[in-house]
Every structure is written in structure tokens, then in C-alpha cells.
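Heads up, the thing below is written out as C-alpha cells.
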Amino acid sequence: MNKIDWEEVARRIDARTLPIIYMHDVHRYYIVGDIVVKALDGVSVKIYKGDFTAIMGPSGSGKSTLMNLVGCLDTPTSGKILIDGEDTRGLNETELAYIRNRKIGFVFQQFNLLGKINALENVMTPLLYCGGISLRERRERAEQALEKVGLADRMKHLPNELSGGQKQRVAIARALVTRPSIILADEPTGALDTKTGEQIMELFYSLNSEGNTIVVVTHNDEIGNACPNQIRIRDGKREA
Amino acid sequence: MVVQNIKLALGSMKGGKMRTVLSLLGIIIGVASVVTILTLGNSASGSITSSITSSGYDLIYLSPMSGTKTRETFDEFFAEKLRKNVDGIGQVMPTVSSSANLRNGSITTRTSIVGVNSNYASMVDYNESYGKWFGVEDNIFKRQVVVLGSDVAEKLFPGGNAVGNYITIYRDQGKKYLVVAVMEEKDASLGSSFNSTVYIPYNTYTQRFQRVSGVGTYVIKVAENHDPKVVNNDAQKYLDELVGSDNYMMISSASLAEMVSSVTGTLSVFLAAIGGISLLVGGIGIMNIMLVSVAERTKEIGIRKALGASPRVIRGQFLTEAITLTSFGGVVGIALGIGLSKMVANIAGWGFSVSVDACLLSVGFSMAIGIFFGMYPAAKAAKMDPIDSLNYE
Numbered sequence: 001m002n003k004i005d006w007e008e009v010a011r012r013i014d015a016r017t018l019p020i021i022y023m024h025d026v027h028r029y030y031i032v033g034d035i036v037v038k039a040l041d042g043v044s045v046k047i048y049k050g051d052f053t054a055i056m057g058p059s060g061s062g063k064s065t066l067m068n069l070v071g072c073l074d075t076p077t078s079g080k081i082l083i084d085g086e087d088t089r090g091l092n093e094t095e096l097a098y099i100r101n102r103k104i105g106f107v108f109q110q111f112n113l114l115g116k117i118n119a120l121e122n123v124m125t126p127l128l129y130c131g132g133i134s135l136r137e138r139r140e141r142a143e144q145a146l147e148k149v150g151l152a153d154r155m156k157h158l159p160n161e162l163s164g165g166q167k168q169r170v171a172i173a174r175a176l177v178t179r180p181s182i183i184l185a186d187e188p189t190g191a192l193d194t195k196t197g198e199q200i201m202e203l204f205y206s207l208n209s210e211g212n213t214i215v216v217v218t219h220n221d222e223i224g225n226a227c228p229n230q231i232r233i234r235d236g237k238r239e240a
Numbered sequence: 241m242v243v244q245n246i247k248l249a250l251g252s253m254k255g256g257k258m259r260t261v262l263s264l265l266g267i268i269i270g271v272a273s274v275v276t277i278l279t280l281g282n283s284a285s286g287s288i289t290s291s292i293t294s295s296g297y298d299l300i301y302l303s304p305m306s307g308t309k310t311r312e313t314f315d316e317f318f319a320e321k322l323r324k325n326v327d328g329i330g331q332v333m334p335t336v337s338s339s340a341n342l343r344n345g346s347i348t349t350r351t352s353i354v355g356v357n358s359n360y361a362s363m364v365d366y367n368e369s370y371g372k373w374f375g376v377e378d379n380i381f382k383r384q385v386v387v388l389g390s391d392v393a394e395k396l397f398p399g400g401n402a403v404g405n406y407i408t409i410y411r412d413q414g415k416k417y418l419v420v421a422v423m424e425e426k427d428a429s430l431g432s433s434f435n436s437t438v439y440i441p442y443n444t445y446t447q448r449f450q451r452v453s454g455v456g457t458y459v460i461k462v463a464e465n466h467d468p469k470v471v472n473n474d475a476q477k478y479l480d481e482l483v484g485s486d487n488y489m490m491i492s493s494a495s496l497a498e499m500v501s502s503v504t505g506t507l508s509v510f511l512a513a514i515g516g517i518s519l520l521v522g523g524i525g526i527m528n529i530m531l532v533s534v535a536e537r538t539k540e541i542g543i544r545k546a547l548g549a550s551p552r553v554i555r556g557q558f559l560t561e562a563i564t565l566t567s568f569g570g571v572v573g574i575a576l577g578i579g580l581s582k583m584v585a586n587i588a589g590w591g592f593s594v595s596v597d598a599c600l601l602s603v604g605f606s607m608a609i610g611i612f613f614g615m616y617p618a619a620k621a622a623k624m625d626p627i628d629s630l631n632y633e
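As given, the protein sequences belong to chains A and B, one line each in that order.
For the first sequence, our numbering gives the first residue as 1, with consecutive numbering after it.
For the second sequence, our numbering gives the first residue as 241, with consecutive numbering after it.
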């Protein structure tokens with residue numbers, strides 16, 4: 001009989017029981033003039049490793065605020081957020097930047113590539129901020145990521161030499177390259193035509209089937225409903 | 241990371257070439273002027289000093305003020321008295337001078353005529369071109385021999401050899417003098433314009449020309465291993481007591497060189513300060529362009545922050561850009577300054593030596609300007625809110 005590796009067992013249990021995104025009773029208020037805007041008003045969310053979740057809601061519902069909190073671009077007014085076990089409450093800018101770099105891979109509606117450097121260099125950029133990774137390794141990992149999204153032949157192109165779909169693939173490669181805990185996509189198909197949008201969603205499905213945790217933020221029901229899990233937000237609260 | 245940042249900085253400089261050059265103009269002009277000023281200051285004071293000291297750094301010239309009684313004190317025993325009372329004096333040679341008309345055949349000219357001893361030439365480091373300087377016996381026997389400066393020789397004997405010929409020197413009446421030597425050219429120094437002077441033995445002069453007794457100028461040579469400046473000061477002290485400070489005039493290469501270098505030094509500092517001010521103004525230009533750059537690249541800053549760049553990293557990026565920018569300006573300014581000062585030095589005929597200190601100072605200073613004036617824009621970039629800057633269009 002094989003010896004039982006209890007540490008491995010514990011890790012597997014953890015992975016199943018500890019959500020990769022854990023939000024409990026999260027509030028995020030903004031003060032605009034004399035008015036307090038309750039962008040999020042007591043939201044709790046659990047997303048597990050390997051999930052493919054859509055955060056849905058009309059514009060102004062608070063889903064962008066939710067995304068910013070999950071992406072560690074923002075911190076809550078009150079409530080608890082754990083990203084891959086890390087409590088983001090009370091973290092300073094530098095510590096938040098560290099979590100964004102190691103645990104989050106962003107994909108934006110407008111791609112947000114850096115215009116003056118080529119696709120490969122764009123994908124290498126997040127690795128630069130990890131520190132201590134050699135140029136050679138950065139290049140290799142970026143090349144692998146670009147191959148994975150099917151852009152091995154476009155590495156030396158500048159962003160403005162690429163189509164919308166290709167740009168979004170570069171952005172996805174850039175999100176993948178740090179091997180993050182979560183890929184966080186904000187309206188990833190919003191700037192693309194339907195067919196290209198479907199291809200991008202296909203890419204997300206295939207990345208998910210390889211074990212990546214994916215969160216797509218969208219107001220598009222068609223895209224959202226096609227995802228295995230949905231979280232609906234309206235007026236700063238979760239809809240049942 | 242630093243390499244990456246410099247690459248980024250160079251990229252953004254290349255992206256807006258015109259803007260880069262314009263914003264760097266202040267720095268370039270500032271550095272160029274500092275380098276030019278200090279380099280030219282070096283060259284000019286070097287060439288002035290070398291002309292002052294051409295007849296020897298260790299010479300002091302002493303003469304009585306005209307119209308004073310000093311002339312009586314400076315009698316034939318004075319040289320010995322001076323040597324005894326002031327430490328460090330090697331030789332003291334009395335000289336007398338006036339001007340006279342000279343004639344060779346139909347050619348006449350007016351020059352200054354100086355009565356000196358036989359060792360004058362070696363004392364002031366003055367060499368014969370032809371012939372030989374008169375000897376001790378010429379002086380003792382008051383012989384009518386003359387040594388010509390190069391210009392005088394050329395004037396009286398155009399294209400020919402003067403040595404062995406006679407010229408006439410007029411003072412009341414003309415007397416014939418044998419030319420024994422023609423001297424090499426020598427730069428004028430401390431009021432002695434060697435090339436347009438003729439020299440005769442001291443005793444010949446006093447017999448033929450002098451109506452009143454007394455010495456014109458003493459040429460004092462400082463003894464070896466003594467500092468000319470110290471000897472100069474000691475002699476001054478002694479003379480102040482003896483005849484009063486207003487009644488004699490003393491100049492020395494050492495004190496003059498010191499004065500000149502202190503004047504050019506002050507001038508250099510003053511001009512370098514002007515250069516410094518233009519560097520400062522240039523720095524404000526840099527701050528301006530960096531603030532524009534930060535504002536323009538708000539979106540880029542947002543993206544980089546989303547990808548995990550910490551505030552420190554963003555600050556480093558923009559600070560590196562500012563330093564790269566100003567260092568580039570510094571290097572261009574140095575090249576310009578060296579070119580400019582070489583041009584001026586060529587025109588003015590000065591020796592040219594690049595002031596390495598000035599170059600290092602300028603580069604250091606322009607980098608410091610980069611840091612100082614880049615700090616605020618970089619801090620501004622680092623402090624930007626990631627969400628706002630991401631949504632910036």
C-alpha cells in the first residue's frame with residue numbers, strides 16, 4: 001500500500017474548499033460632492049479554482065467596481081476580500097501591485113497594449129515587473145504564451161499592425177504569461193465583431209479546460225449566459 | 241530594469257525628436273557655455289601666464305618712481321644692500337634706458353636703448369641669433385658695442401648680416417657702435433619689448449647718455465630654491481621701510497601671473513555662474529516636458545500599473561527618462577562647447593586644452609538636474625490612481 005501524502009491531500013482539499021476569490025459582505029462607497037454613491041453594497045462572492053464565471057449586470061450596476069476590487073486595482077470601504085488566500089485589506093499600493101502582478105491577468109475591452117513596442121515585448125512586460133527573471137527567460141515565456149494564443153507568426157508586429165482579434169490575443173498572452181491565479185477579462189469581446197468575439201471566447205474556454213480560472217465581466221447576456229457560472233449584479237447588490 | 245528603462249527613454253526621445261531637441265536646448269546651451277568658458281578660461285590664462293613668464297618666472301623688476309628721491313637711494317651700492325637685506329635674492333642687475341635714433345647708411349629708426357651688464361642675456365634667458373653678447377671687458381672699458389633686437393636688425397639691415405657692421409646712435413651727437421650680436425625673437429614681457437630694443441654696455445651708457453646718475457631699473461633674479469612670491473613680498477617689505485611704498489615700482493612675473501590668474505579665475509567663476517543659471521532654466525524646461533510626457537502617457541501608466549508595476553517602478557521609469565534626457569543634452573552640450581572653444585582658441589591663437597573638470601562637472605550637473613527636476617513629474621506618475629489612469633482617453 002502506498003504511503004499517504006497528507007500534505008498533498010490537504011492541498012487538494014484546500015483547492016476545492018478555499019475559493020480563489022472570496023468576498024464577504026463587501027461595500028465600496030464613493031463620495032461625490034455631498035452624495036455617497038454605494039457602488040457595491042454588501043456583496044459576497046466565492047469563485048473556485050478552475051471556474052469559468054461571468055459577472056453580469058447592466059452598466060452602472062457595480063460590476064466594474066467589483067472587477068476593480070477583484071483585480072486589486074481598488075480596495076473596499078468595508079468587508080473582506082481574499083485573492084488566492086491573500087487578504088487585500090489594508091495593503092498599500094506596492095503590495096497591491098505585487099498581487100496584480102503575480103495573481104491577476106487582465107484582459108481589457110480596448111486591449112490596452114503598449115503602442116510603441118511589439119507584441120512580444122508587450123507580452124514580456126509583466127515579467128519585467130516580477131523582478132529577477134532573465135531577459136532570455138522572459139523572451140521564452142512570452143514566446144510560449146504567444147504560441148498558445150496562435151500568434152507565433154506575429155510576435156514582431158507593433159499593435160497597430162494587428163487586427164482587433166489579434167490584439168486581444170496578444171492581450172490574453174500577456175495575461176497568461178505570469179501564470180496568474182485568475183484571468184480577469186473586462187468585456188473582452190466588446191470591441192470585436194461577433195465572429196471574432198466568438199473566437200476569443202473559444203480561446204477562453206480552451207484556457208479554462210487547461211485549468212485556468214477565468215472571470216469575464218460583461219453586460220452582454222449572450223456572452224454571459226454561455227459561461228458555466230454567472231454572478232449577476234444590480235444596483236450594487238447580487239441578484240438571486 | 242534600468243537597461244529597460246533607458247531603452248524606453250531612448251525610444252520616447254526618438255519618438256519626438258523635435259520636442260526632445262527643443263526641450264533640451266536650455267541644457268545644451270548651458271553645458272556648452274560652461275564648457276566653453278572654462279576651457280577658454282584655461283587656454284587664455286595659460287597663454288597670458290606663459291607670456292608673462294616668458295623671460296623667467298624668477299625675475300623681479302624694480303624701479304624708482306620718477307620725481308621722487310628714490311633715485312638717490314638707488315645708488316651704485318644699492319644692489320649689494322638689497323641682496324644683504326632680503327633673503328633669497330640671487331643677482332641684482334642695474335639697467336638704464338631711454339630712447340635714441342639709430343642710423344645705418346640712409347636707414348634710420350627710433351628705438352629704446354638699454355644699458356646692461358654682460359650677463360643680462362643669460363639672466364633673462366635671451367639668446368643670440370648671430371654673434372655674441374658683449375663681454376665684461378666691453379663694459380669695463382666702456383666700448384662702443386651694441387646688440388640689436390631682431391626687429392631692429394631687420395629694419396637697419398634688411399636681409400643682410402648686421403654683425404661686424406657699424407651703426408650710428410644719436411644722442412646730442414652721433415657715435416658709431418660696432419654691432420656684436422643680433423638676438424633671436426623673444427615675446428615681450430613685463431614691459432620689455434625685446435625685439436625692438438638695442439643693448440649697450442651699462443658703463444658705456446652712463447658715460448654717453450646719462451646726465452643724472454642713478455639706475456633706471458634693477459633686474460632681480462631670485463635665487464634657486466626660493467619662492468619668487470615670497471622673495472617679492474620680502475623685498476616689498478624692505479623697500480616700504482626704506483623709501484616708502486609710493487616711491488618705487490616693483491613688478492614680478494610671479495606676482496603678475498598670480499594677479500592674472502586670480503582675475504581670470506574670478507571671471508571664470510562669474511561666467512560659469514551664468515552657465516549654471518542657464519542650466520537651471522534648462523532644468524525647468526526638462527520638468528515641463530516631463531510633466532507633459534507624464535500627462536500624455538497617463539493611459540500607459542495605468543496599463544503598466546495593472547500589469548503589476550509598483551509606484552517605485554513607475555517613478556524609476558520616468559526618473560530614468562529625465563536623467564537620460566539631460567545626460568544626452570549634457571553630452572551634446574560638451575561636444576558643442578569643445579567645438580566652439582576650439583574655434584575661438586584657433587582664432588585667438590591660444591593654446592587649446594579641454595577642461596576635463598568642466599566636462600565632468602557639466603555631465604554631473606546635468607544629471608543632477610535630471611534627478612532634481614525629474615523627481616516631481618516622476619512622483620506624480622507614480623501616485624496616479626490605476627483605475628483613473630486606465631480609463632483615461
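Backbone N, C-alpha and C fix where the C-beta goes; we use that ideal spot for every residue, glycine too.
Note that this is a predicted model, so its numbers are computed, not measured.
**Prompt:** With distances taken between CB atoms, is the gap from A/Met56 to A/Arg169 smaller than 8 Å?
**Reply:** In the first sequence, residue 56 of chain A corresponds to position 56, counting from 1. In the first sequence, residue 169 of chain A corresponds to position 169, counting from 1. The answer is no: Cβ separation not under 8 Å.
**B/Tyr370 to B/Ser358 span [Cα, whole Å]** = Numbered from 1 along the second sequence, position 130 holds the residue referred to as residue 370 of chain B. Numbered from 1 along the second sequence, position 118 holds the residue referred to as residue 358 of chain B. B/Tyr370 and B/Ser358: Cα-Cα distance of roughly 16 Å.
**Asked** Could one say the Cβ of A/Glu93 lies closer than 8 Å to chain B's Cβ atoms, at least one of them?
**Response** By 1-based counting over the first sequence, the position of residue 93 of chain A is 93. It does: the Cβ of A/Glu93 has a partner Cβ on chain B nearer than 8 Å.
**Message:** Just to make sure I have the definition right: I need the residues of chain B whose C-beta is within less than 8 Å of the C-beta of A/Ala191. Which are they?
**Reply:** As a position in the first sequence, residue 191 of chain A is number 191, starting the count at 1. Around A/Ala191, no beta-carbon contact reaches into chain B at under 8 Å, the shortest distance being about 13 Å.
**Asked** Taking C-beta to C-beta, are B/Ala546 and B/Phe613 nearer than 8 Å?
**Response** Walking along the second sequence from the start, residue 546 of chain B turns up at place 306. Walking along the second sequence from the start, residue 613 of chain B turns up at place 373. Judged by their CB atoms, B/Ala546 and B/Phe613 are not nearer to each other than the 8 Å cut-off.
**Prompt:** For the beta strand (DSSP E) that B/Ser303 lies in, which residues bound it at each end?
**Reply:** To locate residue 303 of chain B, count along the second sequence from 1; it is residue 63. Residue range Leu299 to Pro304 is occupied by the beta strand (DSSP E) that includes B/Ser303.
**Message:** Using a Cβ-Cβ cutoff of less than 7 Å, which residues in the same chain neighbour B/Ile277 once the five nearest sequence positions on both sides are dropped?
**Reply:** Locating residue 277 of chain B in the second sequence gives position 37, counting from the first residue. Short of 7 Å from the beta carbon of B/Ile277, and not among the five residues preceding or following it, lie these beta carbons of its own chain, in chain order: Ser508, Leu511, Ala512 and Gly515.
**Message:** Quick check on the burial criterion: 16 or more other C-beta atoms within 10 angstroms. Buried or exposed for A/Thr65?
**Reply:** Numbered from 1 along the first sequence, position 65 holds the residue referred to as residue 65 of chain A. Counting Cβ neighbours within 10 Å, A/Thr65 comes out buried, since at least 16 surround it.
**Limits of the unbroken alpha helix (DSSP H) element including B/Leu576** = In the second sequence, counting from the first residue as 1, residue 576 of chain B sits at position 336. Note, B/Leu576: alpha helix (DSSP H), Pro551 to Ala588.
**Contact list for A/Pro126 against chain B, beta-carbon separation under 8 Å** = What you label residue 126 of chain A is simply residue 126 of the first sequence in a count that begins at 1. Identification of chain B residues near A/Pro126 by a Cβ-Cβ cut-off of 8 Å yields Leu547 and Gly548, ordered along the chain.
**Environment of B/Leu600 [buried if 16+ CB atoms lie within 10 Å]** = The sequence position of residue 600 of chain B within the second sequence is 360, counting from 1. B/Leu600 comes out exposed.
**Request:** Please list the segments of the beta strand (DSSP E) lying wholly inside the region 142 to 187 of chain A, counting only runs of 3 or more residues, in order along the chain.
**Result:** DSSP runs (the beta strand (DSSP E)) wholly in the region 142 to 187 of chain A: 182 to 186.
**Message:** Give me the chain B residues within the contact set of A/Phe106, using Cβ-Cβ distance strictly less than 8 Å, ordered along the chain.
**Reply:** In the first sequence, the residue the question calls residue 106 of chain A occupies position 106. Per Cβ cutoff of 8 Å: Ala546 and Leu547.
**B/Phe374, DSSP secondary structure in three states** = As a first step, residue 374 of chain B must be located in the second sequence, where it is residue number 134. Reduced to three states, the DSSP call for B/Phe374 is coil.
**Request:** Excluding the 5 residues preceding and the 5 following A/Leu18 in the sequence, name in chain order all residues of the same chain whose CB lies nearer than 7 Å to its CB.
**Result:** By one-based count along the first sequence, residue 18 of chain A stands at place 18. The residues are Gly85.
**Prompt:** When we look at the beta-carbon of B/Glu320 and count the other beta-carbons within 10 Å, is it buried (16 or more) or exposed?
**Reply:** As a working mapping, residue 320 of chain B is identified with position 80 in the second sequence. With fewer than 16 other Cβ atoms inside 10 Å of its own Cβ, B/Glu320 counts as exposed.
**Message:** Distance check for B/Val462 and B/Met490, CA to CA, integer angstroms please.
**Reply:** Translated into the one-based positions of the second sequence, residue 490 of chain B becomes position 250. Translated into the one-based positions of the second sequence, residue 462 of chain B becomes position 222. Each residue's Cα considered, the two are about 14 Å apart.
**Request:** Please list the segments of the beta strand (DSSP E) lying wholly inside the region 320 to 364 of chain B, counting only runs of 3 or more residues, in order along the chain.
**Result:** Correct list: 329 to 344 and 347 to 356.
**Request:** Give the residues of chain A in contact with B/Gln244, contact being defined as C-beta atoms less than 7 Å apart.
**Result:** Along the second sequence, one-based indexing puts residue 244 of chain B at 4. Within 7 Å Cβ-Cβ: Leu128.
**Item:** Per DSSP, cross-strand counterpart(s) of A/His24
**Value:** Numbered from its first residue, the first sequence carries residue 24 of chain A at position 24. For A/His24, which the question treats as bridged, DSSP gives the partners A/Lys80.
**Request:** Return yes when the Cβ of A/Val123 is within less than 8 Å of the Cβ of A/Ala145, no when it is not.
**Result:** Position 145 of the first sequence, counting from 1, holds the residue named residue 145 of chain A. Position 123 of the first sequence, counting from 1, holds the residue named residue 123 of chain A. Result yes, Cβ atoms of A/Ala145 and A/Val123 sit closer than 8 Å.
**Prompt:** From B/Asp391, B/Ala598 and B/Val553, pick the residue whose C-alpha is nearest to that of B/Val271; which is it?
**Reply:** Along the second sequence, read from residue 1 onward, the residue named residue 271 of chain B stands at position 31. For the residues B/Asp391, B/Ala598 and B/Val553, the minimum Cα distance to B/Val271 belongs to B/Ala598.
**Asked** Residues of chain B with CB under 8 Å from A/Asn212, in chain order?
**Response** The residue labelled residue 212 of chain A in the question sits at position 212 within the first sequence. Going along chain B, no residue has its Cβ under 8 Å from A/Asn212, so there is no contact; the nearest lies around 17 Å.
**Item:** Proximity to A/Thr284 [Cα-Cα], best of A/Ser59, A/Gly224, A/Val37 and A/Gly165
**Value:** Outside the shown range of chain A, which is 1 to 240, sits residue 284 of chain A, and nothing can be said about it.
**Message:** Using a Cβ distance threshold of 8 Å, determine whether the region 341 to 353 of chain B contacts the region 423 to 430 of chain B, with at least three qualifying pairs required.
**Reply:** Flag = no, the region 341 to 353 of chain B and the region 423 to 430 of chain B do not touch.
**Message:** Check whether chain B comes within 8 Å of A/Tyr30, counting only Cβ atoms and requiring the distance to be less than that.
**Reply:** In the first sequence, the residue the question calls residue 30 of chain A occupies position 30. No, its Cβ sits nowhere closer than 8 Å to a Cβ of chain B.
**Message:** In this structure, how does DSSP classify B/Arg544 when only helix, strand and coil are distinguished?
**Reply:** For the purposes of this step, residue 544 of chain B is taken as residue 304 along the second sequence, with counting starting at 1. Reduced to three states, the DSSP call for B/Arg544 is helix.
**Prompt:** Under 8 Å between the Cβ atoms of A/Tyr29 and A/Ala39?
**Reply:** Along the first sequence, one-based indexing puts residue 29 of chain A at 29. Along the first sequence, one-based indexing puts residue 39 of chain A at 39. If you check the CB distance, A/Tyr29 and A/Ala39 come in under 8 Å.
**Prompt:** DSSP beta-bridge partners for A/Asn229?
**Reply:** As a working note, residue 229 of chain A is residue 229 in the first sequence. Looking at the DSSP assignment, A/Asn229 forms a beta bridge with A/Thr53.
**Request:** Kindly indicate which three-state DSSP category A/Leu18 falls into: helix, strand or coil?
**Result:** Against the first sequence, residue 18 of chain A aligns to sequence position 18. Three-state result, A/Leu18: coil.
**Message:** In whole angstroms, give me the CA-to-CA distance for B/Lys372 and B/Ala421.
**Reply:** For the purposes of this step, residue 372 of chain B is identified with residue 132 of the second sequence, where counting begins at 1. For the purposes of this step, residue 421 of chain B is identified with residue 181 of the second sequence, where counting begins at 1. Cα atoms of B/Lys372 and B/Ala421: separation of roughly 5 Å, rounded to the nearest angstrom.
**Item:** Per-residue contacts from A/Lys116 into chain B (C-beta, under 9 Å)
**Value:** Position 116 of the first sequence, counting from 1, holds the residue named residue 116 of chain A. Within 9 Å Cβ-Cβ: Leu248, Gly251, Ser252, Gly255 and Glu540.
**Short-range partners of chain A found in the region 490 to 512 of chain B, where Cβ spacing is below 7 Å** = For the region 490 to 512 of chain B, there are no residues whose beta carbon sits under 7 Å from a beta carbon of chain A.
**Asked** So which residues of chain A does B/Arg552 contact, with C-beta pairs closer than 7 Å?
**Response** Here residue 552 of chain B is taken as the residue at index 312 of the second sequence, counted from 1. Residues of chain A passing the Cβ test: Thr94.
**Asked** In chain order, what residues of the same chain lie with their CB nearer than 8 Å to the CB of A/Ile20, ignoring the 5 residues before and after it?
**Response** Locating residue 20 of chain A in the first sequence gives position 20, where the first residue counts as 1. Within the same chain, A/Ile20 has close Cβ partners Ile47, Tyr48, Lys49, Asp51, Ile83, Asp84, Ser181, Ile182 and Thr213.
**Message:** Quick check: the Cα distance between B/Leu482 and B/Thr457, rounded to an integer number of angstroms?
**Reply:** One-based indexing of the second sequence puts residue 482 of chain B at position 242. One-based indexing of the second sequence puts residue 457 of chain B at position 217. A direct Cα-to-Cα measurement between B/Leu482 and B/Thr457 gives close to 17 Å.
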